[in-house]
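The listed protein sequences correspond, in order, to chains A and B. For the first sequence, counting from 1, position 46 maps to 71 in the numbering used here; every step adds exactly one. For the second sequence, counting from 1, position 19 maps to 44 in the numbering used here; every step adds exactly one. As structure tokens, the structure follows; a few thoughts come after it.
2 protein chains.
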Amino acid sequence: MSAATEARLSATLVALSDPTRRAILRRLARGEARVTDLAAPFAISLNAVSKHIRTLERVGLIHRKRVGRDHVLSFRATPMDAASAWMDTQREIWTGRLQALDALLQSEDDNALSRTKTKKGDVR
Amino acid sequence: MSAATEARLSATLVALSDPTRRAILRRLARGEARVTDLAAPFAISLNAVSKHIRTLERVGLIHRKRVGRDHVLSFRATPMDAASAWMDTQREIWTGRLQALDALLQSEDDNALSRTKTKKGDVR
DNA sequence: ACATCGTTCAACCCTGGAGTTGAACGTTAC
DNA sequence: GTAACGTTCAACTCCAGGGTTGAACGATGT
Numbered sequence: 026m027s028a029a030t031e032a033r034l035s036a037t038l039v040a041l042s043d044p045t046r047r048a049i050l051r052r053l054a055r056g057e058a059r060v061t062d063l064a065a066p067f068a069i070s071l072n073a074v075s076k077h078i079r080t081l082e083r084v085g086l087i088h089r090k091r092v093g094r095d096h097v098l099s100f101r102a103t104p105m106d107a108a109s110a111w112m113d114t115q116r117e118i119w120t121g122r123l124q125a126l127d128a129l130l131q132s133e134d135d136n137a138l139s140r141t142k143t144k145k146g147d148v149r
Numbered sequence: 026m027s028a029a030t031e032a033r034l035s036a037t038l039v040a041l042s043d044p045t046r047r048a049i050l051r052r053l054a055r056g057e058a059r060v061t062d063l064a065a066p067f068a069i070s071l072n073a074v075s076k077h078i079r080t081l082e083r084v085g086l087i088h089r090k091r092v093g094r095d096h097v098l099s100f101r102a103t104p105m106d107a108a109s110a111w112m113d114t115q116r117e118i119w120t121g122r123l124q125a126l127d128a129l130l131q132s133e134d135d136n137a138l139s140r141t142k143t144k145k146g147d148v149r
């Protein structure tokens with residue numbers, strides 16, 4: 026995984042980790058909206074919402090279309106693909122490793138695992 | 026979605042949004058390890074790693090097993106399910122809406138969408 | 001042209017999180 | 001028992017990020 030990809034993944038996850046931003050995305054998944062529309066349900070200022078929008082826009086989770094004096098925002102799912110993919114990978118590696126363990130050793134389990142402890146020479 | 030679920034999702038995404046923590050998980054997906062083992066590849070202090078571990082543990086992404094004076098950590102994928110599920114939901118809502126739009130209206134698009142704008146009573 | 005609306009920019013507070021260092025705690029090994 | 005190891009706790013610094021307010025900017029509509 027390239028450093029750029031890593032950074033983009035980080036940014037996407039950070040963007041998704043805020044409840045307000047997730048609410049914004051949830052709203053946008055149901056249809057396009059202007060900044061003011063998005064701000065309405067929240068008890069925070071328009072400026073705060075505008076900031077959230079910019080961070081979401083920066084990672085490509087929303088797209089902005091200027092229509093007259095309105096900024097119409099729409100949802101873009103693609104950046105979430107990388108996040109999903111990352112999680113799937115971890116899951117697969119883990120379950121794959123578990124199955125391998127199950128197949129090979131059963132009672133030696135604890136013993137083998139404690140080998141993990143080695144700091145330098147260990148190959149496992 | 027309950028408030029508790031929301032909070033857990035937030036915590037999980039926050040936990041995943043840090044590159045160091047993701048690296049720790051990546052390492053753990055390949056096998057159990059002690060805190061010291063996890064710290065080795067990083068240029069940060071043991072204490073810093075210990076903190077990361079605690080945040081990961083708090084959201085259930087890793088499990089701790091005390092073996093003698095070692096703390097053996099293992100990967101737990103389940104909290105990521107909620108995160109994946111959330112993203113999938115957004116994707117589905119969005120694509121579903123797109124298809125519905127395509128089917129029903131084409132030219133009336135802008136008009137219908139601008140109705141979204143309503144703040145209180147206003148119908149435009 | 002002008003007032004208005006929607007959005008952004010700039011400066012600022014404040015909280016929280018990531019990092020550090022130093023000490024304490026528990027377990028193990030001798 | 002005691003020394004050594006692994007981990008955690010506590011107190012502190014530093015900085016990024018979410019929030020605010022107030023003003024500026026741009027396009028619209030009349």
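Don't be surprised by glycine CBs; every beta carbon is placed ideally from N, CA and C.
Run the CB neighbour count on Leu63 (chain A), radius 10 Å, all protein chains shown included, and call it buried at 16 or more, exposed below.
buried
Is there a C-beta anywhere in chain A that falls below 8 Å from the one on Val74 (chain B)?
no
Under 7 Å Cβ to Cβ from Phe100 (chain A), same chain only, skipping five residues before and after it: list those, please.
Leu50, Leu53, Ala54 and Ile87
Whole angstroms is fine: what's the gap from Ser109 (chain A)'s alpha carbon to Ser42 (chain A)'s?
14 Å
In this structure, does DSSP put Ala58 (chain B) in helix, strand or coil?
strand
Per-residue DSSP class, three states only, for Ser99 (chain B)
Ser99 (chain B) falls in the strand class under three-state DSSP.
Using the three-state DSSP reduction, which class does Arg94 (chain B) fall into: helix, strand or coil?
Of the three classes helix, strand and coil, the one that applies to Arg94 (chain B) here is coil, per DSSP.
Excluding the 5 residues flanking Ala58 (chain A) on each side, which residues of the same chain have their C-beta closer than 8 Å to its C-beta?
Apart from sequence neighbours up to five positions away, the residues of its chain that approach Ala58 (chain A) with a beta-carbon distance below 8 Å are Arg52, Val97 and Leu98, ordered along the chain.
With distance defined between alpha-carbon atoms, name the residue in B:Leu38, B:Gly56, B:Ala48 and B:Arg83 nearest to Thr120 (chain A).
B:Gly56
Check whether the Cβ of Ile118 (chain B) lies closer than 8 Å to any Cβ atom in chain A.
yes
State the Cα-Cα distance for the pair Val84 (chain A) and Arg94 (chain B), rounded to the nearest angstrom.
43 Å
How is Ile69 (chain B) classed by DSSP in three states: helix, strand or coil?
coil
Interfacial residues, the segment 85–104 of chain B to chain A, with Cβ spacing under 8 Å
So the list reads Val92, Asp95, Val97, Phe100 and Ala102, given in the order they occur along the chain.
Roughly how many angstroms lie between the CA atoms of His77 (chain B) and Thr45 (chain B), to the nearest whole one?
8 Å
Give me the chain B residues within the contact set of Pro44 (chain A), using Cβ-Cβ distance strictly less than 9 Å, ordered along the chain.
Glu31, Ala32, Leu34 and Ser35
Name the chain B residues that come within less than 9 Å of Val39 (chain A), Cβ to Cβ?
Leu38, Val39, Ser42 and Asp43
Excluding five sequence neighbours on each side, which residues of the same chain lie with their C-beta closer than 8 Å to the C-beta of Leu81 (chain A)?
Answer for Leu81 (chain A): Ala40, Arg46, Ile49, Leu50 and Ile87, listed in chain order.
What's the C-alpha gap between Pro66 (chain A) and Gln115 (chain B)?
19 Å
Closer than 7 Å between beta carbons: that is the criterion. Which residues of the segment 45–57 of chain A meet it against chain B?
Leu50, Arg51, Ala54, Arg55, Gly56 and Glu57
Can you tell which of A:Asp106, A:Val60 and A:Met112 has its C-alpha closest to the C-alpha of Glu117 (chain B)?
Per the Cα distances, A:Asp106.
Evaluate Leu71 (chain A) with the Cβ neighbour count: other Cβ atoms within 10 Å of its Cβ, from every protein chain shown; 16 or more gives buried, anything less gives exposed.
exposed
Where Val92 (chain A) and Ala102 (chain A) are concerned, what is the direct C-alpha to C-alpha distance, given to the nearest angstrom?
22 Å
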